[in-house]
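Student:
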């Protein structure tokens, strides 16, 4: 679900208003399939509570709920959350999901924790993904996991502007955001084939999986 059905514009990629517009139409924006690294890393975990930040139309939320997780989907777009809730209802997992409108850049769990906190392809500007990761880590329960996945900087992302490409990052960039009681389990640039506009591209996913010691 990480490939755009149409390219973001220069003035809307980082802010809620642009995503409200994108999610306002009738057509879907994402594939609805779970992200590859989520499936790879979470399939072996024991289901518990999960928080998916930047959930968009809810593909990952639905997949997690189907695996037995109780999931909170979070996004800064009300239209995106409405779509996600509809998809959860259609999938028969509405009773295992709830929704939270929040901007990842100001995210504060206010003492709440989840067994899994995850975000996929969230690319805030000016390198602020490090601060976002630090915020997300505060929401991980003892013994729980943090999974952060993003696009590696690449010339293949020709549909994006220079500012958008500068917002991409590598997994190792996030290590300084982990609190002392976290252990990094995966810090990788993982190869994957992405399809955009019917054309296959070799890309790499920046993948950080960490566990908070219990």
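In UniProt numbering, the protein residues as written are 1 to 214. The beta carbon of each residue, even a glycine, is placed where N, CA and C say it ideally should be. Just so you know, these numbers come straight off a predicted model, no measurement behind them.
#1: Under a Cβ-count criterion, where at least 16 other Cβ atoms within 10 Å of its own Cβ denotes burial, should residue 53 be classed as buried or exposed?
#2: Work out the CA separation of residue 84 and residue 73 for me, nearest whole Å.
#3: Where residue 36 and residue 110 are concerned, what is the direct C-alpha to C-alpha distance, given to the nearest angstrom?
#4: Going by the DSSP bridge assignment, what does residue 192 pair with across the sheet?
#5: Please list, in chain order, all residues of the same chain as residue 48 whose beta carbon is under 6 Å from its beta carbon, the five residues on each side excluded.
#6: Measuring CA to CA, which of 140, 70, 194 and 92 is closest to residue 182?
#7: Mapping the DSSP letters down to three states, classify residue 183 as helix, strand or coil.
#8: Ordered along the chain, which non-local residues of its own chain (more than five positions away) have a Cβ less than 7 Å from that of residue 190?
#9: Which of helix, strand or coil does DSSP assign to residue 5?
#10: When you compare only the Cα positions, how much space is there between residue 41 and residue 26?
#11: DSSP puts residue 147 in a beta bridge; with which residues?
#12: Excluding the 5 residues preceding and the 5 following residue 176 in the sequence, name in chain order all residues of the same chain whose CB lies nearer than 8 Å to its CB.
#13: Could you work out which residue in 103, 210, 75 and 71 is closest to residue 94 when comparing CA atoms only?
#14: What residue from 96, 149 and 123 has the CA that sits closest to residue 117's CA?
#15: Which word fits residue 106, buried or exposed, when buried means at least 16 other C-beta atoms lie within 10 angstroms of its C-beta?
#16: Between residue 213 and the rest of its own chain, which residues show a CB-CB distance below 6 Å, the 5 nearest in sequence each way excluded?
#17: Rounded to a whole number of angstroms, what is the C-alpha to C-alpha distance between residue 143 and residue 151?
#18: In angstroms with no decimal places, state the Cα-to-Cα distance between residue 211 and residue 200.
Tutor: Taking the geometry as given:
#1: Here residue 53 refers to the residue found at position 53 of the chain shown. Under this definition residue 53 is a buried residue.
#2: Along the chain shown, one-based indexing puts residue 73 at 73. Along the chain shown, one-based indexing puts residue 84 at 84. Their backbone Cα atoms lie some 8 Å apart in a straight line.
#3: In the chain shown, residue 36 corresponds to position 36, counting from 1. In the chain shown, residue 110 corresponds to position 110, counting from 1. Between residue 36 and residue 110, the C-alpha separation is close to 30 Å.
#4: Here the question's residue 192 lines up with position 192 in the chain shown. DSSP lists 203 as partners of residue 192.
#5: The count along the chain shown starts at 1 and reaches residue 48 at position 48. Cβ within range, chain order: 115.
#6: By 1-based counting over the chain shown, the position of residue 182 is 182. Selected option, being the one with the closest Cα: 140.
#7: Within the chain shown, the letter at position 183 stands for residue 183. DSSP places residue 183 in strand when its eight states are reduced to three.
#8: Counting from one through the chain shown, the residue named residue 190 turns up at place 190. Here the set comprises 37, 204, 205 and 207.
#9: By 1-based counting over the chain shown, the position of residue 5 is 5. Residue placement at residue 5 is flagged as unreliable, the pLDDT there being 40, under the threshold of 50; a coordinate-derived value is accordingly withheld.
#10: On the chain shown, position 41 is the one that residue 41 refers to. On the chain shown, position 26 is the one that residue 26 refers to. Cα to Cα, the separation comes out at about 32 Å.
#11: Taking the chain shown and counting its residues from 1, the one referred to as residue 147 is at position 147. Answer is 118 and 209.
#12: Here residue 176 is taken as the residue at index 176 of the chain shown, counted from 1. Within the same chain, 130 come within 8 Å of residue 176 by CB-CB distance, once the 5 residues on both sides are set aside.
#13: In the chain shown, residue 94 corresponds to position 94, counting from 1. Considering only alpha carbons, the answer is 71.
#14: Residue numbering aside, residue 117 sits at position 117 when the chain shown is read from its first letter. Checked all of 96, 149 and 123; the closest Cα to residue 117 is 149.
#15: Position 106 of the chain shown holds residue 106. By the beta-carbon neighbour count (other beta carbons within 10 angstroms, threshold 16), residue 106 is exposed.
#16: Here residue 213 refers to the residue found at position 213 of the chain shown. Around residue 213: 181.
#17: If you number the chain shown from 1, residue 143 lands on position 143. If you number the chain shown from 1, residue 151 lands on position 151. Their Cα atoms are separated by approximately 27 Å.
#18: The count along the chain shown starts at 1 and reaches residue 211 at position 211. The count along the chain shown starts at 1 and reaches residue 200 at position 200. So the alpha carbons of these two residues sit roughly 33 Å apart.
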